[in-house]
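Protein chains: 2
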Amino acid sequence: MESVFISGLGMIGSSLARSIRQGDDEVKITGSDPDDANGQFMIQSGLIDQVVSFEQGAQQADVIFLCGPVDVIIDQIKELPTLNLKPGVVVTDVGSTKAKIMTAAKVLSDHNITFVGGHPMAGSHLTGAKSGRTDLFSQATYFLIPNNGMAGVEQIKRLLKTSTSKWRVVSIENHEQFVGAASHLPHVIASSLVQATNSSLKNTEVGLESAAGGFRDTTRIAAADPDMWTAIMLSNQEVILDQIDEFSKALATIKQDIQAGNQTAIHNFFSKSQEIRQLIDQG
Amino acid sequence: MESVFISGLGMIGSSLARSIRQGDDEVKITGSDPDDANGQFMIQSGLIDQVVSFEQGAQQADVIFLCGPVDVIIDQIKELPTLNLKPGVVVTDVGSTKAKIMTAAKVLSDHNITFVGGHPMAGSHLTGAKSGRTDLFSQATYFLIPNNGMAGVEQIKRLLKTSTSKWRVVSIENHEQFVGAASHLPHVIASSLVQATNSSLKNTEVGLESAAGGFRDTTRIAAADPDMWTAIMLSNQEVILDQIDEFSKALATIKQDIQAGNQTAIHNFFSKSQEIRQLIDQG
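Residue numbers (the UniProt record's numbering), protein chains in the order written: chain A, 1 to 283; chain B, 1 to 283.
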């Protein structure tokens, strides 16, 4: 019988358990969490079979999912080679700052332990086992970054076959480039936009609370947790700086067109953006 | 009996009729529209009392709502002083490029005709009388820009009392500053972001179709009609250019902080943006 151990039974970890159980109820699932309530909820809901210690869970497992905060994941990666793991065990995680984790995971490669960095692009502001959902990963991109050829990749996909994730096996460089462009840069831009508009309206009669849906959409992500985003900026510094420059080039182009009152050029710029943006929604 | 004439029975004009009727069914509402289907729908639904010509409608009305496209509004503003209007008539409109309309409306001031520029921050991609809604303006900011003290303002608010709009009586300068910051600048930024991220990912394995909800929210408005947005850029050029500079200053600050790896400064920047953005949703 295949055995899976999930360390961290919060929203992501508990959703993985739900998906694995739905896909094959013969898989044995054990779990651990510093918060007893999460483990108890999972047992009572029949979503895991046993609450175990990290050491016990890791040593019994064929596949280990590390689903805690990034610093906990890194500590656990360091601990794994000291344990008596099953031969052929596959270790994966769900941390979003992947560069740091992949660097830490070199210790696993050194011990011939297969590690597949994982990054499901799903989540919400909710936390805890109760807020997990079977369909949390549905249609979401789920990055896999293997350290050992394709070892472990099919096993993870098979366990999560009912998740309907969009699997993307990528290099760490391409992962960082992608999250830089699609997530980190937009956060920098939305945060800058909020401050610029707030300054612009400081001395007028109307404040940003009058803004319509378009502004709210464009700046929504600026309300996210500053702790998390500060850590992300420092983890992907170079890529983000390059992309800020790429953005500034585009902004300089449209600024020049507006300055020149060049109707055709402005129209071309907006048409190009419209086309790209519409393709994304069809993608 | 108070008489209202609505020129243009599309989504906005027909929604105004719905709201006026709901507020006071004794008000006589006449309407005109180049598309006969809109007029017929409004009559059959009991939302207006009579389909009339522009001239006839304008001459019988106590309050005139101009709800056509901006160029039609401007032509109609020029025509109004040549008609035999009721003394004390109040003229208002719903065009979004207000500077052009307020400039055109000087001809009304010259003829002692009260004009209150109007800009309800509501709408959607839908068109036509059938797509109008009684609650279209609910909780939306509705700008009023009077040319003659407060004349006409209370009359418009009273007619639309059930709309639950958030009325803001402002100067044209403040209006342009506000829409520049809350609508025009975000459009420039979202369009630039789409192009920058697209360039950044051109040579990687993963395209923007893998982007998650945050990116989609931040760039949603970039999919809007380039014709309309080109016209808007040219109508509010100076304000937009100033605000691009304001934005670039904010971006330069966070770029420098990331470059320096200054954790405290990055955190302060994101915390400030978070605070402002959260206040908007509470406003």
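Glycine included, every Cβ here is placed at the ideal spot set by N, Cα and C.
Cβ atoms of T218(A) and I240(B) stay farther apart than 8 Å, at about 15 Å. Neighbourhood of M121(B) in chain A, by CB distance below 7 Å: A212, in chain order. In this structure, DSSP gives H111(A) a state outside helix and strand, which the three-state scheme calls coil. In this structure, A211(A) is the residue among A211(A), Q22(A), S248(A) with its C-alpha nearest to the C-alpha of Q282(B). Taking C-alpha positions only, A250(A) is separated from F137(B) by approximately 35 Å. By alpha-carbon distance to E55(A), the top candidate from L159(A), K86(A), L126(A) is K86(A).
Non-local beta-carbon contacts of S109(B) in its own chain, meaning distances under 6 Å to residues more than five positions away in sequence, involve N147 in chain order. In the DSSP assignment, L16(B) falls within the unbroken alpha helix (DSSP H) covering 11 to 23. Residue pairing for R168(A): DSSP places it in a beta bridge opposite F143(A). G149(A) is outside the set of residues whose beta carbon lies under 8 Å from a beta carbon in chain B. Contact between the stretch 60 to 74 of chain B and the stretch 87 to 107 of chain B is established, with three or more Cβ pairs separated by less than 8 Å. By the CB criterion at 8 Å, L193(A) and F247(B) fall inside the cutoff.
Under the three-state reduction of DSSP, T134(B) is assigned to coil, being neither helix nor strand. Contact holds between the stretch 41 to 53 of chain A and the stretch 11 to 22 of chain A, because three or more Cβ pairs, one in each stretch, are under 8 Å apart. By a beta-carbon distance limit of 8 Å, T114(A) contacts A151(A). Their separation comes to about 5 Å.
By the Cβ rule, the stretch 7 to 16 of chain B does not count as touching the stretch 224 to 240 of chain B, because fewer than three pairs are nearer than 8 Å.
At the C-beta level, V170(B) and V206(A) come within 8 Å of one another. Contacts with chain A at 8 Å (Cβ-Cβ) do not include H111(B). Residue environment for M1(A): exposed (fewer than 16 other C-beta atoms within 10 angstroms of its C-beta).
In chain B, no part has a C-beta under 8 Å from the C-beta of I156(A); the shortest such distance is about 18 Å.
The beta carbons of M11(A) and T127(A) sit about 6 Å from each other, so the pair counts as a contact at 8 Å. Taking a Cβ-Cβ cut-off of 7 Å, the neighbours of G261(B) in chain A comprise L234, Q237, given in sequence order. Residues of the stretch 167 to 185 of chain B whose Cβ lies closer than 9 Å to any Cβ of chain A, in chain order: R168, V169, V170, S171, E173, N174, H175, Q177, F178, G180, A181, A182, S183, L185. In the DSSP assignment, D93(B) falls within the beta strand (DSSP E) that extends over 90 to 93.
According to the DSSP assignment, T230(A) belongs to the alpha helix (DSSP H) that extends over 226 to 235. Residue contact with chain B for A190(A): present (Cβ-Cβ distance below 8 Å to some residue of chain B).
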